[in-house]
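Here's the structure, in structure tokens; my notes come after.
There are 2 protein chains.
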Amino acid sequence: MPAPRAYTAILAWLEDQLRTGVISVGEKLPGERHLAEQFEISRASVREAIRVLDAMGLVRSATGSGPSAGAVVISEPSTALAWALRMHIATQALPIGDIVEARLLLETQAALESEKRPDSPERRRILEEAAQLLDEMDTPGLPADRFHESDAQFHILLTSLAGNVVVETMMASLREATIGYVQETVSGLESWPEVSCTLQEQHRGVLQAVRERRGEDAAEALRHHITWFYGLSDHR
Amino acid sequence: MPAPRAYTAILAWLEDQLRTGVISVGEKLPGERHLAEQFEISRASVREAIRVLDAMGLVRSATGSGPSAGAVVISEPSTALAWALRMHIATQALPIGDIVEARLLLETQAALESEKRPDSPERRRILEEAAQLLDEMDTPGLPADRFHESDAQFHILLTSLAGNVVVETMMASLREATIGYVQETVSGLESWPEVSCTLQEQHRGVLQAVRERRGEDAAEALRHHITWFYGLSDHR
DNA sequence: CCCGCACTGTGGTCTGACCACAGTGGTCAG
DNA sequence: CTGACCACTGTGGTCAGACCACAGTGCGGG
Numbered sequence: 001m002p003a004p005r006a007y008t009a010i011l012a013w014l015e016d017q018l019r020t021g022v023i024s025v026g027e028k029l030p031g032e033r034h035l036a037e038q039f040e041i042s043r044a045s046v047r048e049a050i051r052v053l054d055a056m057g058l059v060r061s062a063t064g065s066g067p068s069a070g071a072v073v074i075s076e077p078s079t080a081l082a083w084a085l086r087m088h089i090a091t092q093a094l095p096i097g098d099i100v101e102a103r104l105l106l107e108t109q110a111a112l113e114s115e116k117r118p119d120s121p122e123r124r125r126i127l128e129e130a131a132q133l134l135d136e137m138d139t140p141g142l143p144a145d146r147f148h149e150s151d152a153q154f155h156i157l158l159t160s161l162a163g164n165v166v167v168e169t170m171m172a173s174l175r176e177a178t179i180g181y182v183q184e185t186v187s188g189l190e191s192w193p194e195v196s197c198t199l200q201e202q203h204r205g206v207l208q209a210v211r212e213r214r215g216e217d218a219a220e221a222l223r224h225h226i227t228w229f230y231g232l233s234d235h236r
Numbered sequence: 001m002p003a004p005r006a007y008t009a010i011l012a013w014l015e016d017q018l019r020t021g022v023i024s025v026g027e028k029l030p031g032e033r034h035l036a037e038q039f040e041i042s043r044a045s046v047r048e049a050i051r052v053l054d055a056m057g058l059v060r061s062a063t064g065s066g067p068s069a070g071a072v073v074i075s076e077p078s079t080a081l082a083w084a085l086r087m088h089i090a091t092q093a094l095p096i097g098d099i100v101e102a103r104l105l106l107e108t109q110a111a112l113e114s115e116k117r118p119d120s121p122e123r124r125r126i127l128e129e130a131a132q133l134l135d136e137m138d139t140p141g142l143p144a145d146r147f148h149e150s151d152a153q154f155h156i157l158l159t160s161l162a163g164n165v166v167v168e169t170m171m172a173s174l175r176e177a178t179i180g181y182v183q184e185t186v187s188g189l190e191s192w193p194e195v196s197c198t199l200q201e202q203h204r205g206v207l208q209a210v211r212e213r214r215g216e217d218a219a220e221a222l223r224h225h226i227t228w229f230y231g232l233s234d235h236r
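From first to last, the protein sequence lines are chains P and C. Numbered per the UniProt record's numbering, the first sequence finishes at 236, counting up by one with no gaps. Numbered per the UniProt record's numbering, the second sequence finishes at 236, counting up by one with no gaps.
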């Protein structure tokens, strides 16, 4: 019993409320002052709990009044995980190489899995959106950061075809967390136009393989695509 | 420009300090009062930042005085991620089925990868430890929760053989986050002694395959092991 | 020499206050 | 009656200052 912090009461309470379905995504939490009274802790402690929930992507709080104000339960694990990942990468506890490898693993397996998924409007919509993204990325003179953002989005879309929310979330987190490093690498590259062109060719190859349900081909193309690009950086 | 919260200054500062190596794991942060003065924010805001970092597994703070007191930079992503995962599972945004599938994916791929890793004292130590865990789990009358804890530890150890910290971390998080659900499922099982016996047989089979570098066999055994056990629950 | 206790600085918590913000509802001019 | 306007109210965001428990530190007495 080493010091159960005051705010943990709220976290435990929320978890229970969520599990039992009393509160679900989209609903509002009671006001901070109300929670403080209810748990007999200070508002400062309540706020610490809210901060933690916010950092986890479980809650979004807004000022003002009316229905849109207050702490609303959301579920955005990927942005929160991405943030946490970035910080842990900064500590150098998580080597970039391992990140890339993990990402490769998730993405190739997702490609293999998506091969087996039945056709659906959802699937067609995703493929369509992915194709559009690629087209946008062909825009001449597109800023590198826009390119990378669309690039990340493209990969996440492909992963989502596997239909596994958890895998998709992990992919999104890894991607968002590393996008800064990607930009850093590329900014030191003189041959960016050629590189982006090659990347686009690879993207189209992957998309084509996925569309035609050639899972093995897609996975292999992804592997080549990712390792090739990662090889451009100096990994110091 | 929508309201940059006061405490984000500290988060950004810490990330920078970590990336540039000014601060690294194991070192202490300045005191809360000092940080408050340095960033010209209130101590309450500083504490919110520390809370967030704490929730992310980046910092551990302790009371008292001397070198052991204060906020120390650590790097324990797995416990933090596990906590976040559990909460998001509670919101039902992350279906258990997807969690199990993701875990299966990571673990089988890790088994395939570990096949290729060279021998090393590290590897031998891990295999030894895994074997010991299995022996402990054979103890008659072992409480179910102890069994599951060792079980989780066993799987994480196997995953660590692949030598990828990120994959290992994700596995550990998934495992820790779901352990509660596992216990819930098992507690409604009357044939637990038989089940645990079967699980142990499967564990030994997996360990044997890994030890002998039969990656495919290990992966297949893991797949069977996990899907079989997951099949015992009713997935409502 | 060693034991014990006051001292000091740390995080943990609380109180009470003020601010900016955004809906709400009333008022008043047209 | 209709519309624009504005004070009101409740929300989160921030702050200042205080007190507590805790754990090392170091001085003092035995």
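The beta-carbon is built from N, C-alpha and C at its ideal position, and this holds for glycine as well. Bear in mind the structure is a predicted one, so any value in this text is a computation, not a measurement.
Beta-carbon neighbours of glutamate 15(P), restricted to chain C and to distances below 9 Å: Arg86, Met87, Ala90
Measuring CB to CB, does serine 75(P) end up less than 8 Å from alanine 93(C)? Yes, these two residues count as a Cβ contact at 8 Å.
Okay, do the segment 171–184 of chain P and the segment 123–135 of chain P touch, 3+ Cβ pairs below 8 Å being the bar? Taking 8 Å as the limit for Cβ pairs, the verdict is that the segment 123–135 of chain P does not touch the segment 171–184 of chain P.
For the beta strand (DSSP E) that contains alanine 62(C), what are its first and last residues? Segment 59–62, the beta strand (DSSP E) holding alanine 62(C).
I need the boundaries of the alpha helix (DSSP H) containing alanine 71(P), first residue and last residue. In this chain, alanine 71(P) is not harboured by any alpha helix (DSSP H); it is covered by the beta strand (DSSP E) spanning 70–73.
So who's on the other strand from lysine 28(C), going by DSSP bridges? Val72(C)
Whose C-beta lies closer than 7 Å to the C-beta of tyrosine 181(C) among residues of the same chain, with five residues either side of it excluded? Same-chain partners within the cutoff: Ile96.
Alpha-carbon spacing of proline 4(C) relative to glycine 66(C), whole angstroms: 34 Å
Short check: CB of arginine 60(P) to CB of valine 72(P), under 8 Å? yes
Please tell me whether glutamine 109(P) has its Cβ less than 8 Å away from any Cβ of chain C. With 8 Å as the cut-off, glutamine 109(P) counts as an interface residue toward chain C.
Whole runs of the alpha helix (DSSP H) within the segment 120–161 of chain P, excluding any shorter than 4 residues: 121–137, 144–160
At 8 Å on the CB atoms, spell out the chain P contacts of proline 77(C), in chain order. Ala84, Leu85, His88, Ala93, Leu94
Residues of chain P with CB under 7 Å from arginine 51(C), in chain order? Residues of chain P passing the Cβ test: Glu48, Arg51, Val52.
Have a look at Glu115(P), Glu201(P), Pro143(P) and flag the residue whose alpha-carbon is nearest the alpha-carbon of leucine 161(P). Of Glu115(P), Glu201(P), Pro143(P), the residue nearest in Cα terms is Glu115(P).
Please determine whether the Cβ atom of glycine 31(P) lies at a distance below 7 Å from any heavy atom of the ligand PLP. Of the ligands one can find in the structure shown there are none, so the ligand PLP has no counterpart to examine.
Considering isoleucine 50(P), what are the terminal residues of the alpha helix (DSSP H) in which it resides? 43–55
Given 8 Å, three or more beta-carbon pairs between the segment 139–153 of chain P and the segment 204–221 of chain P: no
To the nearest angstrom, how far is the alpha carbon of alanine 84(P) from that of glutamine 17(P)? 25 Å
From what residue to what residue does the alpha helix (DSSP H) around leucine 94(C) run? Counting along the chain, no alpha helix (DSSP H) covers leucine 94(C), and no H or E run does either.
Here's a check: name, in chain order, each residue in its chain whose Cβ is nearer than 7 Å to the Cβ of isoleucine 10(C), leaving out the five neighbours to either side. Leu35, Phe39, Val46, Ala49
Status (buried if at least 16 other CB within 10 Å, exposed otherwise) for glutamate 113(P): buried
By the three-class DSSP mapping on this structure, what secondary structure does threonine 20(P) have? coil
Name, please, each residue of chain C whose Cβ falls closer than 9 Å to the Cβ of residue 240(P). As displayed, chain P neither begins before 1 nor continues past 236, which places residue 240(P) out of reach and without an answer.
Quick one: is proline 118(C) buried, meaning 16 or more other Cβ sit within 10 Å of its Cβ, or exposed? exposed
If you count every other CB in all the chains shown that lies within 10 Å of the CB of histidine 88(C), and 16 or more means buried, which is it? Histidine 88(C) counts as buried, since no fewer than 16 other beta carbons sit within 10 angstroms of its beta carbon.
Are any of the Cβ atoms in chain P nearer than 8 Å to that of arginine 19(C)? yes
Residue burial classification, isoleucine 109(C) (beta-carbon count within 10 angstroms, cutoff 16): For the sequence presented, residue 109(C) should be read as glutamine rather than isoleucine. The residue is buried, with at least 16 neighbouring Cβ atoms inside 10 Å.
Partners in chain P for methionine 170(C), counting only beta-carbon separations shorter than 8 Å: Ala102, Met170
The segment 97–104 of chain P contacting the segment 185–205 of chain P, beta-carbon criterion three pairs below 8 Å: no
How many angstroms separate the CA atom of valine 167(C) from the CA atom of threonine 159(C)? 8 Å
Does DSSP classify lysine 116(C) as helix, strand or coil? helix
Just mark arginine 213(P) as buried or exposed, buried being the case when its beta carbon has 16 or more other beta carbons within 10 Å. exposed
Leucine 189(P) in three-state terms, based on DSSP: coil
Proximal residues to arginine 33(C) (C-beta, below 7 Å), its chain only, five neighbours per side dropped: Arg43
Looking only at its chain, what residues have a beta carbon closer than 6 Å to the beta carbon of lysine 28(C), apart from the 5 residues adjacent to it on each side? Gly70, Val72
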